[in-house]
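Asks: Its first residue numbered 123, the sequence shown is counted upward by one per residue in the working numbering.
Backbone N, C-alpha and C define an ideal beta-carbon position, used for all residues, glycine too.
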Amino acid sequence: MASVYLCPAFHSGKCGAQRPGAGRVRFALALTVSVFFHAWLAAGIALEVPGRSMPPAARPLTAQLQPLAAPPKREAHPEGNPVLADPVQPLPSRARVRPPAEQLSVSERKPGRVAPPAPAMAGAAPGSALPLTADTYYAAPELDVFPMPRVPLRFEYPAQAAREQVGGRVLVMLSIDETGVVDDVGIVRGEPQGYFEDAVRAALKAARFFPGRKDERAVKSRILINLDFDPGASEGALR
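(1) Quick one: give me the first and last residue of the beta strand (DSSP E) that residue 340 is part of.
(2) What separation, rounded to the nearest whole angstrom, lies between the Cα atoms of residue 303 and residue 260?
(3) With DSSP as the reference, please indicate the residues paired to residue 292 in a beta bridge.
(4) Pull up the distance between the alpha-carbon of residue 342 and that of residue 297, whole angstroms please.
(5) Can you tell me which of the three DSSP states residue 278 falls into?
(6) Helix, strand or coil for residue 299 per DSSP?
(7) Taking the alpha helix (DSSP H) that residue 323 belongs to, which residues open and close that run?
(8) DSSP on residue 285, reduced to helix/strand/coil?
(9) Kindly indicate which residue of 316, 258 and 312 has the alpha-carbon position closest to the one of residue 282.
(10) What do you get for residue 306, buried or exposed, if any count of 16 or more other CB atoms within 10 angstroms of its CB means buried?
(11) Run the CB neighbour count on residue 321, radius 10 Å, all protein chains shown included, and call it buried at 16 or more, exposed below.
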């Protein structure tokens, strides 16, 4: 460090008289040293306390609001109503678990509810697809053998129709029992009406047939008969 020379007060006159420019040089040198000393001191304080430096001038802050993405399945709910992540499904009751009645095995059903098998018909033949009953009349497609008249059928031409030279047609539903007797004569259609129905009904009611047969036995049958009446002929023709 440079030394500073100061003239004593009692020598001030002589000192100034002996070196007139030396006082100014010393003063300038002392001032320079003082400036550097204070600068070094200030730098030392700044290095020792770095956190106490002056803050920079405040600048305006620019902020931009951005909505936060809601977390999945994390919604706010009032207190007392917790939200379950996976709601528990209610267990089915015993009534729903029980299988339906039609799916129960024979051992699970009550014996009193099992319907007994239908008794076999006394007159039914073994292997018969359709049982024989007192009121069963089999149609022609169900018969193995069709009923046939024992004697050729004759239908007298009605007098009114012959007089007026009127021809016609009659469709008949004929019911025959297992002995060949005609049970019923049903007129399905007569053309023209009122001319031939009575003559056809009387002739068929008196006729006898060989009964129809099914599964090697005589059965009741119901067949359709179509009768044509021609004015040039003396009687009706069976078709």
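Replies: According to the structure data:
(1) 339-341
(2) For residue 303 and residue 260, the distance between alpha carbons rounds to 15 Å.
(3) 312 and 349
(4) One Cα belongs to residue 342, the other to residue 297, and the distance between them is close to 8 Å.
(5) In the structure shown, residue 278 falls within a strand segment according to DSSP collapsed to helix, strand and coil.
(6) coil
(7) For residue 323, the uninterrupted alpha helix (DSSP H) segment begins and ends at 319-327.
(8) Residue state, collapsed to three classes: helix.
(9) 316
(10) exposed
(11) buried
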